[in-house]
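J.: Protein chains in written order, with this note's numbering: chain A, 897 to 1067; chain B, 52 to 341.
My questions will all concern the structure given below.
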Amino acid sequence: MPGRASRLTRADRAGLGALCLLLALSVSMRVQAYGTGAPTPEPAAAVAAVDLGAGVVLTRAEAVRRVIWTAACPRPVVADFVEPSPHGTDTSLAAPRDPNDRVVYVYRGWTLDGPRAAMALGVLHFVHRAGAVLRMRSASARTALAVKLVVPAGCDTAPDEAMAALRRVRG
Amino acid sequence: MADILAGPGMALARPSSPPVHAARWSLLVFACGTSLSAALQRLLLEPDPGLQRLVELKFGEVFAALATAVLLFTAREVRPALTRSDLGILVAGALTWFLPEPHAVYAGMTLVAAWFLVRRSEDRLLADIGQIWLALSVCELWSKLVFKLFYHAIEPFEVAVMAWVGRLAFPGLHATGVYLSTRPDWSIVMLEGCSAFHNLSLAALIWLCVLKIAGRPIGRGALGALAASAILVVAINIARILAMLPSAEAYHHWHDGAGSVTVALVSVAASLLPIIIHVERSPCPVARPV
């Protein structure tokens, strides 16, 4: 038994040493990231934030509310650029005040329609975010915005049609 | 003194025995390191997380660390005996401390907790620690994730309950979807942070920690105390939301001001009191007459 006890001692001590080393490394990495990250803030306004498809890309500064008039509707479709996963007091993903309005999200090439669109957007964002975290990139997943199209009640404009109009507004 | 009492055949079981100490400290370093990694990211990367959120988040982590320490250092008759596989899983879980996301570090804790609960359930101490770590990672990561993904399906039900209760105080209360209003010019939107969902998982974590610290089993009385805490926590949250309804000033007081911190503290007290009363009233397992 003394041999087994000393093996246990060695393994336990090695395990404790490894954990302490990892703790010291991760804490110093965090503090270092905090120290170097603050003086060089990302120029958020210039970062490509929304890919509208067909080669049209908007920067964050350009991503402001657009009103799109289509031939099919007497009222305009409103296009907002929203965080796919809002936090704090951001209400951009809350259901529209008029429950008859139709909300469509366009995010990273996906067009999400129907009553579960906001949930599907959350799942897509989570998958991208988890991928970015595992690749040790924290900020990249946060820069992509989703397009939120609010189609007025009684109007049957297709999302593709609204997106094509949105690309023309940009051009 | 301990050396004299232990005798020559008990060398491994002595409190001063090196493997026992190293194993205890490994478990404690892992528990505290995970919470430290998450807390450091929250404090360093988010410029102003708000006092209410700090109060809520810290309580869960502090209780779990306290319960882990108490289990490791007070239970004299049980000692952690970690195998090489256990140590390997602990070190693998600790690699998540480097992930650039405060919640993701709890994925590593989930892995270790699941390992202890599935493969080491015969070891009472490791199984207890596994339960606490699982409850902490559910509170800090999984329940938040589930709520974030299913918020749009869950929240209208919570708003409907709030409106049903709220009409007793505000007869003109109007609810549509996730909006509540008592006046035509003022309404509030129920977002993720407004829900009692997180407070419920925190209440369950605190309940489990108190039970483990007191060394009591999960019985009918303990489950009754958990149910009482859950009802109190939901009632406190409904009262807070309804208090925001009359005006913008009331909203700021209860949402960002001193009112929100008071509610967070009262909510933690509501999670603690029922289980503490239950533990105080039930006989101590050691002193119980056989």
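Built from N, CA and C at the ideal position, the CB exists for glycine as well.
Measure the C-alpha to C-alpha separation of Ala286(B) and Leu921(A) and round it to an integer number of angstroms.
T.: Spanning the two alpha carbons is a distance of roughly 44 Å.
J.: Locate the beta strand (DSSP E) running through Asp976(A), then write down its first and last residues.
T.: Taken as a continuous stretch (DSSP letters only), the beta strand (DSSP E) holding Asp976(A) covers Val973 to Val978.
J.: Does the beta carbon of Leu1041(A) sit closer than 8 Å to a beta carbon anywhere in chain B?
T.: Output row for Leu1041(A): interface = no.
J.: Check the C-beta distance from Glu206(B) over to Val229(B) and give it rounded, since I have them as a contact under 8 Å.
T.: Indeed, because the Cβ distance is near 5 Å, the residues count as touching under 8 Å.
J.: Using 8 Å as the threshold, is the segment 1004 to 1011 of chain A in touch with the segment 960 to 973 of chain A, meaning 3 or more CB pairs across them?
T.: Touching, no, given that fewer than three Cβ pairs across the two stretches are closer than 8 Å.
J.: By how many angstroms is the C-alpha of Val330(B) removed from the C-alpha of Met213(B)?
T.: Spanning the two alpha carbons is a distance of roughly 32 Å.
J.: Tell me, to the nearest whole angstrom, how far the beta carbon of Leu954(A) is from that of Ala945(A); I am working on the premise that it is less than 8 Å.
T.: Going by Cβ atoms, the distance from Leu954(A) to Ala945(A) rounds to 6 Å, so yes, they are a contact pair.
J.: Are three or more beta carbon pairs between the segment 109 to 117 of chain B and the segment 141 to 154 of chain B nearer than 8 Å?
T.: No, the segment 109 to 117 of chain B does not touch the segment 141 to 154 of chain B.
J.: Would you check if there are 3 or more beta carbon pairs closer than 8 Å linking the segment 223 to 241 of chain B to the segment 289 to 302 of chain B?
T.: Counting Cβ pairs under 8 Å, three or more are found: they touch.
J.: So Ile180(B) and Phe167(B) are in contact, right, with Cβ under 8 Å, and what is the actual spacing, rounded?
T.: About 6 Å; that satisfies the 8 Å criterion.
J.: Looking only at its own chain, which residues have a Cβ that is under 6 Å from the Cβ of Ser88(B), when we skip the five neighbours before and after it?
T.: Around Ser88(B): Trp148 and Val156.
J.: Alpha helix (DSSP H) containing Arg1025(A): first to last residue?
T.: Here the alpha helix (DSSP H) through Arg1025(A) covers Ala1013 to Leu1030.
J.: Out of Phe221(B), Leu117(B), His72(B) and Asn250(B), which has the shortest C-alpha to C-alpha gap to Leu283(B)?
T.: For the residues Phe221(B), Leu117(B), His72(B) and Asn250(B), the minimum Cα distance to Leu283(B) belongs to Asn250(B).
J.: Which residue marks the beginning of the alpha helix (DSSP H) containing Thr313(B), and which one marks its end?
T.: It spans Ala309 to Arg332 - the alpha helix (DSSP H) in which Thr313(B) sits, taken as one unbroken run.
J.: Which residues share a DSSP beta bridge with Lys1044(A)?
T.: In DSSP, Lys1044(A) forms a bridge with Asp976(A) and Tyr1001(A).
J.: What is the residue span of the alpha helix (DSSP H) that Leu277(B) lies within?
T.: Where Leu277(B) is concerned, the enclosing alpha helix (DSSP H) stretches over Arg271 to Met295.
J.: At 7 Å on the CB atoms, spell out the chain B contacts of Tyr1071(A), in chain order.
T.: Past the edges of chain A, shown from 897 to 1067, lies residue 1071(A), and the structure says nothing about it.
J.: Checking 8 Å against the spacing of the C-beta atoms, do Leu912(A) and Trp193(B) come in under that value?
T.: Going by C-beta atoms, Leu912(A) is not nearer than 8 Å to Trp193(B).
J.: Among Val210(B), Leu219(B), Leu138(B) and Ala276(B), which residue has its Cα nearest to the Cα of Cys916(A)?
T.: Measuring from the Cα of Cys916(A), the nearest candidate turns out to be Leu138(B).
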